[in-house]
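Below is one structure, written out as structure tokens; comments come after it.
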Amino acid sequence: MTPAGPLLPMPTPELVMFDLDYTLLRPSDQFEAPGYVRTGARFGLELDAAHWPLAEHAAYAAARERRRRTGLVHDDGLLPVIAHAIIEGLGGGPPGAVEQTAAAIVDAWGRAENFGLYDDVLPCLGVLRSAGVRMALVSNALGHGLEEVVAHFALDDFICAGVSSASVGVVKPAAALFEAVLVSLDVAAAAAVMVGDSVEDDVKGALACGCGAILLDRNGRVSGAPLPRIESLAELPAALSI
Ligand SMILES: [Mg+2]
8 MTPAGPLLPM PTPELVMFDL DYTLLRPSDQ FEAPGYVRTG ARFGLELDAA
58 HWPLAEHAAY AAARERRRRT GLVHDDGLLP VIAHAIIEGL GGGPPGAVEQ
108 TAAAIVDAWG RAENFGLYDD VLPCLGVLRS AGVRMALVSN ALGHGLEEVV
158 AHFALDDFIC AGVSSASVGV VKPAAALFEA VLVSLDVAAA AAVMVGDSVE
208 DDVKGALACG CGAILLDRNG RVSGAPLPRI ESLAELPAAL SI
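Taking our numbering, the leading residue of the sequence shown gets 8, the next gets one more, and so forth.
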């Protein structure tokens, strides 16, 4: 398979750092329109799935505004803000029911069983491991802990280190997260590559630390961006000259 982006392939790194959510982990439909409608119904809300695009847009805006105020501090309040924005965007209802629905969604986000691995994850990790590349997790962990995720998906054969914003206290793109992994594994920044789905958090954050970075653009939304970019982890080995 041919890498989709420019600037690829790059030299094989010593270390590949992966983002979790929407990179390795696929959230279930619990966190999309059907799940919100189901959860809302448990508390008497009649949410309208047809409003999902607008609700999602409102959630992005609310998250951006929240981060503008909090800066790069790890923020356990972000998920409730996103859940509230989506519920209101889907029609909302009495404040108590909205609150209960949001709390149930936030609780569900904290459990690994509500996520799956994308189909391309294990084959990719296997190829990288065979090539002698070490792998680590760098996550703005909202809800689920890294140890729980590694255990639940039996990733311990592949992942040799992990750093989450919950433990470091700041979120990507802050350098402290990337540097914590590099220091713990004694790898130079130039010998590491970050792979994630966020241009701001994963790609720009890693580049600012002197690491390489590849955007995983699963939905092809960022085509044309002047940065190394793949649309599937099946493309990653070739993108890393493996
Ligand atoms: Mg992500």
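We treat Cβ as the ideally placed atom computed from N, Cα and C, and that holds for glycine.
These figures come from a predicted structure and were not determined experimentally.
Residue range of the beta strand (DSSP E) that G169 falls in? Position 162 of the sequence shown, counting from 1, holds the residue named residue 169. G169: member of the beta strand (DSSP E) spanning I166 to S171, first to last residue.
Exercise. May I ask you to check if the CB of D26 is nearer than 7 Å to at least one heavy atom of ligand 1?
Key: Position 19 of the sequence shown, counted from the start, is the residue given in the question as residue 26. Answer for D26: yes, Cβ within range of ligand 1.
Taking C-alpha atoms, which residue in A198, D204, H159 and A168 lies nearest to P180?
Here residue 180 corresponds to residue number 173 of the sequence shown, with the count starting at 1. Shortest Cα-Cα distance from P180 to any of A198, D204, H159 and A168 involves D204.
- prompt: Does the Cβ of V140 have 16 or more other Cβ atoms within 10 Å, making it buried, or fewer, making it exposed?
  reply: Counted from its first residue, the sequence shown places residue 140 at position 133. A residue is called buried when at least 16 other Cβ atoms come within 10 angstroms of its Cβ; V140 meets this threshold and is buried.
Whole angstroms is fine: what's the gap from P244's alpha carbon to V134's? Position 237 of the sequence shown holds residue 244. Position 127 of the sequence shown holds residue 134. Distance from the CA atom of P244 to the CA atom of V134, rounded to whole angstroms, is 7 Å.
**Request:** Using 7 Å as the cut-off, classify the Cβ of D250 as near or not near the heavy atoms of ligand 1, replying yes or no.
**Result:** Since the first residue shown for the chain is 8 and the last is 249, residue 250 is missing from the structure and cannot be characterised.
State the Cα-Cα distance for the pair P10 and M201, rounded to the nearest angstrom. Locating residue 10 in the sequence shown gives position 3, where the first residue counts as 1. Locating residue 201 in the sequence shown gives position 194, where the first residue counts as 1. With a pLDDT of only 44 at P10, under the threshold of 50, the placement of this residue in the model should not be trusted, and no figure is reported.
Tell me whether S228 sits in a helix, a strand or coil according to DSSP, three-state version. Numbered from 1 along the sequence shown, position 221 holds the residue referred to as residue 228. In the sequence as displayed, the identity of residue 228 is Arg instead of Ser. Here R228 sits in coil by DSSP.
Would you say A215 and P235 are within 8 Å of each other, going by their C-beta atoms?
Along the sequence shown, one-based indexing puts residue 215 at 208. Along the sequence shown, one-based indexing puts residue 235 at 228. Not in contact: A215 and P235 (Cβ atoms no closer than 8 Å).
Notebook entry, point to check: Would the C-beta of Y29 count as close to ligand 1, meaning under 7 Å from any of its heavy atoms?
Noted result: Numbered from 1 along the sequence shown, position 22 holds the residue referred to as residue 29. In this structure, Y29 has its beta carbon less than 7 Å from a heavy atom of ligand 1.
Short check: CB of V188 to CB of A168, under 8 Å? Indexing the sequence shown from 1 puts residue 188 at position 181. Indexing the sequence shown from 1 puts residue 168 at position 161. One thing to note: V188 has its Cβ within 8 Å of the Cβ of A168.
TODO: Determine, using beta-carbon pairs with one atom in the segment 118-126 and one in the segment 73-92, whether at least three such pairs fall under 8 Å.
DONE: Remark: fewer than three beta-carbon pairs, one from each stretch, lie closer than 8 Å, so the segment 118-126 and the segment 73-92 are not flagged as touching.
Exercise for the section: Identify, in the order they occur along the chain, each residue of the same chain with its Cβ nearer than 8 Å to the Cβ of E155, setting aside the five sequence neighbours on each side. Expected result: Locating residue 155 in the sequence shown gives position 148, counting from the first residue. Closer than 8 Å at Cβ, skipping near neighbours: A119.
I need the straight-line Cα distance from P102 to K211, nearest angstrom please. Counting from one through the sequence shown, the residue named residue 102 turns up at place 95. Counting from one through the sequence shown, the residue named residue 211 turns up at place 204. Answer to the nearest angstrom: the Cα atoms are 38 Å apart.
Tell me whether L54 is buried or exposed, calling it buried when 16 or more other Cβ atoms sit within 10 Å of its Cβ. Locating residue 54 in the sequence shown gives position 47, counting from the first residue. Classification for L54: buried.
With 16 other Cβ atoms within 10 Å as the buried cut-off, status of V190: Here residue 190 is taken as the residue at index 183 of the sequence shown, counted from 1. Exposed.
Give the straight-line distance between the Cα atoms of L184 and V80, rounded to the nearest whole angstrom. Within the sequence shown, numbered from 1, the residue matching residue 184 stands at position 177. Within the sequence shown, numbered from 1, the residue matching residue 80 stands at position 73. Cα to Cα, the separation comes out at about 12 Å.
- Task: Look at the alpha carbon of L149 and the alpha carbon of F50, and state the distance between them as a whole number of angstroms.
- Result: Position 142 of the sequence shown holds residue 149. Position 43 of the sequence shown holds residue 50. Each residue's alpha carbon lies about 24 Å from the other.
- Measure the Cβ-Cβ separation of N147 and D83 and say whether it is below 8 Å. Stepping through the sequence shown from its first residue, residue 147 is reached at position 140. Stepping through the sequence shown from its first residue, residue 83 is reached at position 76. For the pair N147 and D83, the CB atoms are not nearer than the 8 Å cut-off.
_If contacts are defined as beta-carbon pairs under 8 Å, then A111 and T30 qualify, I think. What distance do you get, rounded to the angstrom?_
Residue mapping note: residue 111 aligns to position 104 of the sequence shown, counting from 1. Residue mapping note: residue 30 aligns to position 23 of the sequence shown, counting from 1. The pair is not a contact, with the Cβ atoms about 25 Å apart (cut-off 8 Å).
Can you grab the Cα-Cα spacing for the pair R76 / A196, in whole Å? On the sequence shown, residue 76 is found 69 positions in, with the first residue counted as 1. On the sequence shown, residue 196 is found 189 positions in, with the first residue counted as 1. Cα to Cα, the separation comes out at about 30 Å.
*Where in the segment 98-166 do unbroken runs of the alpha helix (DSSP H), each at least 4 residues long, occur, reported from the N-terminal end onward?*
Secondary structure in the segment 98-166: the alpha helix (DSSP H) runs of 4 residues or longer, each lying completely within the stretch, are 102-116, 128-137 and 153-159 in chain order.
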